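Residue numbers (numbering that gives the first Met the number 0), protein chains in the order written: chain A, 0 to 300; chain B, 0 to 329.
Below: one structure, written as structure tokens.
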Amino acid sequence: MQRNSLHSVIQKDNSYLSKDKITFTNNVFKLNRRQSTIFVIAVTLIFIIAVIVSGYLIDERKLETNLNNKNMPPTLSNPFGTDWLGRDMLTRTIKGLNLSIRVGIIAASISAIISLLIGICAATMGKYVDSVITWLIDLFLGVPHLVIIILIAFMLGGGLKGVITGIAITHWPSLARIIRAEIMQLRSMDYIAISKKLGKSNIWITINHIIPHVAPQFFVGLLLLFPHAILHEAAISFLGFGLSPHQPAIGIILSESMRYLSAGRWWMAFFPGLSLLILVRAFDIIGNNLLLMYEPHRAHE
Amino acid sequence: MNSKKIIFYVINKLIKAVILISVLCIISFWMVKNSPIDPVRAYIGADMTRVSQEQYNKIANYWGLDKPPIIQFKNWFFSIIKGDFGTSMIYRNAVLDVIRVKFLNSLMLMGTAWFFSGIFGFVFGCIAGYFQNTWIDKIIKWFCLTLASTPTFWFGLILLIIFAVYLGLFPIGLGVPAGVLTEDVSFISRLHHLILPALTLSIIGIPNIALHTRQKLIDILESEFVLFAKARGEKGIKLLYRHGIRNIALPAVTLQFASFSEIFGGSILAEQVFSYPGLGQATVQAGIRGDVPLLLAIVIFSAMFVFSGNLIADFIYRIVDPRIRLGGSI
Chain A
0 MQRNSLHSVI QKDNSYLSKD KITFTNNVFK LNRRQSTIFV IAVTLIFIIA
50 VIVSGYLIDE RKLETNLNNK NMPPTLSNPF GTDWLGRDML TRTIKGLNLS
100 IRVGIIAASI SAIISLLIGI CAATMGKYVD SVITWLIDLF LGVPHLVIII
150 LIAFMLGGGL KGVITGIAIT HWPSLARIIR AEIMQLRSMD YIAISKKLGK
200 SNIWITINHI IPHVAPQFFV GLLLLFPHAI LHEAAISFLG FGLSPHQPAI
250 GIILSESMRY LSAGRWWMAF FPGLSLLILV RAFDIIGNNL LLMYEPHRAH
300 E
Chain B
0 MNSKKIIFYV INKLIKAVIL ISVLCIISFW MVKNSPIDPV RAYIGADMTR
50 VSQEQYNKIA NYWGLDKPPI IQFKNWFFSI IKGDFGTSMI YRNAVLDVIR
100 VKFLNSLMLM GTAWFFSGIF GFVFGCIAGY FQNTWIDKII KWFCLTLAST
150 PTFWFGLILL IIFAVYLGLF PIGLGVPAGV LTEDVSFISR LHHLILPALT
200 LSIIGIPNIA LHTRQKLIDI LESEFVLFAK ARGEKGIKLL YRHGIRNIAL
250 PAVTLQFASF SEIFGGSILA EQVFSYPGLG QATVQAGIRG DVPLLLAIVI
300 FSAMFVFSGN LIADFIYRIV DPRIRLGGSI
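Here it is in structure tokens:
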């Protein structure tokens with residue numbers, strides 16, 4: 000009884016939000032959309048942090064060759080099974096996910112910074128610079144990403160450097176376009192014109208008026224670059240251009256597993272790939288939820 | 000419609016393409032020249048120890064690799080203008096012939112995937128958009144977002160495990176059965192090897208078009224003319240057909256043509272998983288084994304492929320859509 004009345008009080012309090020309410024199974028906790036968005040972000044963030052932390056805490060001995068224990072299907076002690084050298088697949092997968100996160104963070108950050116600089120240049124440095132940059136964006140979108148990354152990996156002779164450079168160089172155009180359009184709109188605002196009349200230089204206006212405005216766009220765009228960066232890293236390692244076979248990358252694990260699939264060792268491919276999928280989805284969820292909070296008028300989509 | 004304007008439009012686009020591809024030639028040639036992978040070494044392969052310096056120089060001289068890069072570029076650029084892309088080192092055949100054969104294989108794969116992902120994506124998008132915020136919409140949306148985060152090659156591996164390894168319905172790899180001449184391969188056998196990679200690519204291609212269609216349909220359904228139609232008593236499939244589909248079909252077709260780049264990238268991965276002998280696999284081989292002429296040709300070819308997709312998309316938009324038809328005046 001008491002529970003019910005409490006419930007009705009909460010409902011009354013939030014009645015103006017009733018349309019956006021998300022009901023969890025427990026009747027007492029009703030979260031509005033903003034709260035549930037924060038909740039989802041927090042849970043997902045904890046998951047990602049857990050992956051990173053366990054990558055450092057993990058028992059390295061499980062990566063040693065153990066031929067007594069090779070090709071084991073999933074058991075309690077090896078939840079993801081073992082590979083043909085008896086190494087624990089769960090340990091290898093977590094190591095691989097960590098590598099993916101690192102590559103993703105570095106490549107996506109470089110890419111986002113490139114797009115910020117290029118977006119600002121296109122929108123503030125006049126017509127010619129703008130048309131050159133628009134053309135450059137067309138050039139980069141005109142060749143399949145994977146082909147450019149293969150070409151760059153070829154130029155740099157493979158390795159981690161090749162992968163990161165390849166991903167960083169191919170992923171900036173879409174975000175650069177968004178930032179350019181955003182600044183184009185800002186440029187015609189009254190306060191920018193007033194600032195100009197007050198004698199502020201273009202650089203001063205860019206730093207003090209424009210960059211703070213595009214900062215949220217920039218960070219959300221950066222987060223939404225992560226999933227693409229991680230997927231491309233895995234793809235390029237899978238094709239054999241990225242990391243050396245000794246490194247524990249998900250792409251390497253999966254390309255190795257192909258040799259054993261016909262022998263029915265499904266766990267070598269299934270779990271590592273599924274973990275990567277969940278990780279990518281987690282970054283995607285955080286990015287999209289931040290976008291919802293940043294642009295509430297689009298939140299009901 | 001003014002035919003002069005169309006011709007002008009096409010010529011304008013073609014000039015842009017020529018400039019784009021010329022610059023691409025310069026950049027990719029420069030990149031390949033900076034690679035630490037020595038094409039002569041890559042060509043000789045394991046026999047490197049048995050080749051004397053003299054023989055090495057002869058091979059380099061035969062290909063003109065001892066000349067300065069600028070001269071090399073000039074020779075290469077003028078020969079590709081004439082249609083000579085050189086000889087592929089790994090297939091020991093004219094690059095253009097290799098690309099032709101491989102691309103026909105890939106075209107079957109990409110075409111099937113392109114068609115089915117377009118159809119199913121559109122249908123799912125329509126269903127999700129029409130039943131917005133119901134359980135069916137939520138399921139479709141969830142599946143699309145998850146599929147969009149799925150590594151293409153892993154998805155291919157899973158299909159391979161289920162359908163080829165466990166159910167034994169499909170062969171595990173290769174575009175044709177081993178030990179059979181190309182001419183003797185029957186159509187059925189080709190189809191048999193095509194199904195799994197095509198299925199992978201089709202399903203991976205669905206989210207893009209479905210989410211886009213869903214959003215467009217929701218926008219349309221919120222418009223005033225739909226509200227008016229509803230007020231007149233239209234509903235269900237009829238309303239969807241008369242006011243929805245007609246408005247969203249064109250953007251969907253355009254988007255599908257503009258997605259050639261993703262399909263090409265996806266086919267590289269799918270072909271690698273299923274050992275399908277197409278252009279994607281040739282790209283990977285050319286990159287790993289240092290087949291420079293083939294790699295450069297594929298870069299240029301893929302750019303032309305993507306460009307033609309974008310051109311068709313743009314063209315359809317301008318020709319078919321009466322609202323932005325070319326050369327119209329108020």
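Glycine is no exception: its CB is placed at the ideal position from the N, C-alpha and C atoms.
Please read all numbers here as calculations on a predicted model, not as lab measurements.
#1: For residue 201(B), name the three-state secondary structure that DSSP assigns.
#2: Look at the alpha carbon of residue 242(B) and the alpha carbon of residue 35(A), and state the distance between them as a whole number of angstroms.
#3: I'd like the span of the alpha helix (DSSP H) that includes residue 231(A), first residue to last.
#4: If we define contact as Cβ-Cβ less than 8 Å, is residue 83(A) a contact residue for chain B?
#5: Once DSSP output is grouped into helix, strand and coil, what is the label at residue 110(A)?
#6: Would you please verify whether the beta carbon of residue 280(A) is less than 8 Å from any beta carbon of chain B?
#7: Does DSSP put residue 129(A) in a helix, a strand or coil?
#8: CA-CA distance, residue 168(B) and residue 261(A)?
#9: Counting only the same chain and skipping the five closest in sequence on each side, list residues whose C-beta sits under 7 Å from that of residue 25(A).
#10: In terms of residue numbering, what span does the alpha helix (DSSP H) encompassing residue 127(B) cover?
#11: Would you say residue 197(B) and residue 112(B) are within 8 Å of each other, going by their C-beta atoms?
#12: Buried or exposed: residue 280(B), going by 16 or more other Cβ atoms within 10 Å of its Cβ?
#13: Taking the C-alpha atoms as reference points, what is the distance between residue 239(A) and residue 233(A)?
#14: Shortest alpha-carbon distance to residue 113(A) belongs to which of 253(A), 236(A), 217(A)?
#15: Straight-line CA distance for residue 89(B) to residue 167(A)?
#16: Among the residues of its own chain, which have a CB less than 7 Å from the CB of residue 260(B), if the five just before and after it don't count?
#17: Please classify residue 81(A): does DSSP put it in a helix, a strand, or coil?
#18: Would you report the Cα separation of residue 180(A) and residue 122(A), rounded to the nearest angstrom?
#19: Does the Cβ of residue 222(B) have 16 or more other Cβ atoms within 10 Å, making it buried, or fewer, making it exposed?
#20: Residues in the region 29 to 45 of chain B with C-beta within 8 Å of chain A's C-beta atoms, listed in sequence order?
#21: So is residue 144(B) in contact with chain A if we call contact Cβ pairs under 8 Å?
#22: Kindly indicate if chain A contains any beta-carbon less than 8 Å away from that of residue 134(B).
#23: Short check: CB of residue 332(B) to CB of residue 31(B), under 8 Å?
#24: Taking the C-alpha atoms as reference points, what is the distance between residue 103(B) and residue 145(B)?
#25: For residue 101(B), does the count of other Cβ atoms within 10 angstroms reach 16, so buried, or fall short, so exposed?
#26: Kindly indicate the opening and closing residues of the alpha helix (DSSP H) around residue 165(B).
#27: By the criterion of Cβ-Cβ separation under 7 Å, what are the contact partners of residue 68(B) in chain A?
#28: Could you check whether the region 135 to 142 of chain A touches the region 78 to 86 of chain A, counting it as contact only if at least three pairs of C-beta atoms, one from each stretch, sit closer than 8 Å?
#29: If you run the structure through DSSP and keep just helix, strand and coil, what is residue 58(A)?
#30: Taking Cβ positions only, does residue 243(B) come closer than 8 Å to chain A?
#31: Classify residue 187(A): buried if its beta carbon has 16 or more other beta carbons within 10 angstroms, exposed otherwise.
#32: Roughly how many angstroms lie between the CA atoms of residue 82(B) and residue 86(A), to the nearest whole one?
#33: For residue 282(B) versus residue 149(A), is the C-beta spacing smaller than 8 Å?
#34: Can you check whether the C-beta of residue 174(B) is within less than 8 Å of a C-beta belonging to chain A?
#35: Closer than 8 Å by beta-carbon distance: list the chain B residues that pair up with residue 144(A), in chain order.
#36: If contact means a Cβ-Cβ distance below 7 Å, which residues of the region 229 to 252 of chain A contact chain B?
According to the structure shown:
#1: DSSP, read as helix, strand or coil, puts residue 201(B) in helix.
#2: Approximately 35 Å, taken between the alpha carbons.
#3: Here the alpha helix (DSSP H) through residue 231(A) covers 210 to 238.
#4: No, its Cβ sits nowhere closer than 8 Å to a Cβ of chain B.
#5: Of the three classes helix, strand and coil, the one that applies to residue 110(A) here is helix, per DSSP.
#6: Answer yes: the Cβ-Cβ gap between residue 280(A) and chain B drops below 8 Å somewhere.
#7: The three-state reading of DSSP puts residue 129(A) in helix, counting H, G and I together.
#8: When the Cα atoms are used, residue 168(B) and residue 261(A) turn out to be separated by approximately 13 Å.
#9: Note that residue 25(A) scores 48 on pLDDT, short of 50, meaning its location in the model is unreliable; the coordinates nonetheless yield the value given after this. Here residue 25(A) has no same chain residue with a Cβ atom under 7 Å from its own Cβ, once five neighbours each way along the sequence are excluded.
#10: Residue 127(B) -> alpha helix (DSSP H) spans 94 to 129.
#11: For residue 197(B) and residue 112(B), yes; Cβs fall inside 8 Å.
#12: Under this definition residue 280(B) is a buried residue.
#13: Per the coordinates, the alpha-carbon of residue 239(A) lies some 10 Å from the alpha-carbon of residue 233(A).
#14: Cα-wise, what sits closest to residue 113(A) is 217(A).
#15: So the two alpha carbons sit approximately 30 Å from each other.
#16: Take residue 260(B), set aside five residues on each side of it, and the residues of its chain with a beta-carbon closer than 7 Å to its own are 305, in chain order.
#17: Looking at residue 81(A) - three-state DSSP - the assignment turns out to be strand.
#18: Residue 180(A) and residue 122(A): Cα-Cα distance of roughly 8 Å.
#19: Answer is exposed; the Cβ neighbour count stays below 16.
#20: For the region 29 to 45 of chain B, residues whose beta-carbon sits nearer than 8 Å to a beta-carbon of chain A comprise 30, 31, 33, 34, 35, 36.
#21: It does; some Cβ of chain A falls within 8 Å.
#22: Answer no: the Cβ-Cβ gap between residue 134(B) and chain A never drops below 8 Å.
#23: Summary: the structure shown does not reach residue 332(B), with chain B confined to residues 0 through 329, and so no result is reported for it.
#24: CA-CA distance, residue 103(B) to residue 145(B), rounds to 31 Å.
#25: Only buried fits residue 101(B), as 16 or more other CB atoms lie within 10 angstroms of its CB.
#26: Taken as a continuous stretch (DSSP letters only), residue 165(B) belongs to no alpha helix (DSSP H), as it is neither H nor E.
#27: The contacting residues do not exist; residue 68(B) stays about 14 Å from chain A at best.
#28: The region 135 to 142 of chain A vs the region 78 to 86 of chain A: no contact.
#29: In the displayed model, residue 58(A) falls within coil according to three-state DSSP, outside both helix and strand.
#30: Residue 243(B) is outside the set of residues whose beta carbon lies under 8 Å from a beta carbon in chain A.
#31: Looking at its Cβ environment, which holds fewer than 16 other Cβ atoms inside 10 Å, residue 187(A) is exposed.
#32: When rounded, the separation of the alpha-carbon atoms in residue 82(B) and residue 86(A) is 52 Å.
#33: A contact, by the Cβ cut-off of 8 Å.
#34: Residue placement at residue 174(B) cannot be trusted, given a pLDDT of 48 that sits under 50; what the coordinates show is reported in the next sentence. Any Cβ of chain A closer than 8 Å to the Cβ of residue 174(B) would place that residue at the interface, and such an atom is absent.
#35: Within chain B, the C-beta atoms nearer than 8 Å to that of residue 144(A) come from 260, 264, in chain order.
#36: Among the residues of the region 229 to 252 of chain A, those with a Cβ less than 7 Å away from any Cβ of chain B are 230, 233, 234, 237, 238, 239, 240, in the order of the chain.
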